[in-house]
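Below: one structure, written as structure tokens.
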Amino acid sequence: MHKIEHIGIAVKDLEKANKLYAQLFGKAHYKMEEVASEGVNTSFFKVGENKIELLEATNNNSAIAKFIEKKGEGIHHIAFDVDDIEKEIFRLKSEGFKVINEKPKRGADNKLVAFLHPKSTNGVLIELCQEII
Ligand code: ZN
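Going by the numbering used here, the residue at position 71 of the sequence shown is 202; the numbering climbs one at a time, nothing skipped.
Here it is as structure tokens:
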């Protein structure tokens with residue numbers, strides 16, 4: 132695990148949030164992408180070397196809908212860049228972390244992703260991401 136790949140923020144209304152964050156950062160998002168399997172619409176901003184992902188639920192069963200219902204809008208996850216996601220999943224499991232996705236799945240922005248359960252990481256949802264080359 133080396134650097135933070137992005138920070139994910141759960142929002143109720145992506146169109147409104149896009150406008151707000153464009154004002155905040157002084158520039159527009161560089162891409163929007165729906166991840167149908169997760170029931171989310173995403174929008175990505177680059178801020179210097181950092182990336183912010185906004186996430187909006189597309190249905191009530193989406194993890195983002197449930198998160199907002201429970202906790203309201205806000206920081207949803209922190210994603211870390213890894214070279215070999217399968218190896219990292221194996222390593223973290225053997226260290227006793229609870230892994231939500233035993234097999235990496237296709238995420239937004241050309242990534243293979245897997246999440247660690249926040250119960251095993253002090254309440255923080257952690258995403259591992261590996262760039263698909
Ligand atoms: Zn993410």
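Using N, Cα and C, we set each Cβ at its ideal position, and we do this for glycine too.
Report back the beta-carbon spacing between residue i and residue j to the nearest angstrom; my notes put them in contact at under 8 angstroms.
i      : j      : result
Glu262 : Asn232 : Wrong, their Cβ atoms sit about 17 angstroms apart, outside the cutoff.
Ile257 : Ile209 : 6 angstroms
Lys236 : Val230 : Not quite, the Cβ-Cβ distance comes to about 12 angstroms (not below 8 angstroms), so this is no contact.
Ile216 : Leu243 : 5 angstroms
Ala153 : His207 : Contact doesn't hold; Cβ gap of about 20 angstroms is too wide.
Run the proximity test for residue i: is its beta-carbon closer than 7 angstroms to any non-hydrogen atom belonging to ligand 1?
i      : result
Glu184 : yes
Gly254 : no
His248 : no
Ala245 : no
Gly139 : yes
His160 : no
Ala210 : yes
Glu219 : no
Glu283 : Here the chain has residues from 132 to 264 only, and residue 283 is not among them.
With C-beta atoms as the reference, is residue i less than 8 angstroms away from residue j?
i      : j      : result
Ile199 : Lys143 : yes
Leu259 : Phe228 : no
Gly170 : Ala188 : yes
Leu155 : Thr173 : no
Phe211 : Glu136 : yes
Glu164 : Ala239 : yes
His160 : Asn149 : yes
Lys294 : Phe175 : Only positions 132 to 264 of the chain appear in this structure, which leaves residue 294 out of reach.
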